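Student: Numbering (full-length UniProt numbering), first residue to last: 1 to 67. Where a beta carbon is used, it is the ideal one built from N, C-alpha and C, also for glycine. Values in this document were obtained by computation on a predicted structure and should not be read as measured data.
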């Protein structure tokens with residue numbers, strides 16, 4: 001297991017987890033989701049191949065309609 005900070009909360013993940021698995025933990029549908037890994041936006045096409053490392057800081061945000 002590794003520990004990351006996910007949206008400000010320390011979270012344990014299995015070793016060798018990818019961003020895609022973390023997104024699925026937070027939101028079952030990835031529509032309107034953006035991910036930043038250690039302050040850098042990660043393209044959706046890279047979610048399945050970008051590994052999480054111990055100490056990573058991941059922010060997942062959801063777009064919301066409004067005015």
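1. Output needed for residue 38: all residues of its chain with C-beta closer than 7 Å, excluding positions within five of it in sequence on either side, in chain order.
2. Bridge partners for residue 62 per DSSP, in chain order?
3. So, at 8 Å on beta carbons, what are the nonlocal neighbours of residue 43 in its own chain, with the 5 sequence-adjacent residues on each side left out?
4. Going by DSSP, name the residue or residues bridged to residue 13.
5. Near residue 15, which residues of its chain fall below 8 Å by C-beta distance, leaving aside the five closest residues on each side in sequence?
Tutor: Looking at the coordinates:
1. The answer, listed in chain order, is 56, 57.
2. DSSP output for residue 62 lists 33 as bridge partner(s).
3. Correct list: empty, nothing qualifies.
4. Residue 13 is bridged to 2.
5. Scanning its chain for C-beta atoms nearer than 8 Å, with the 5 sequence neighbours on each side dropped, one finds around residue 15 the residues 1, 2, in chain order.
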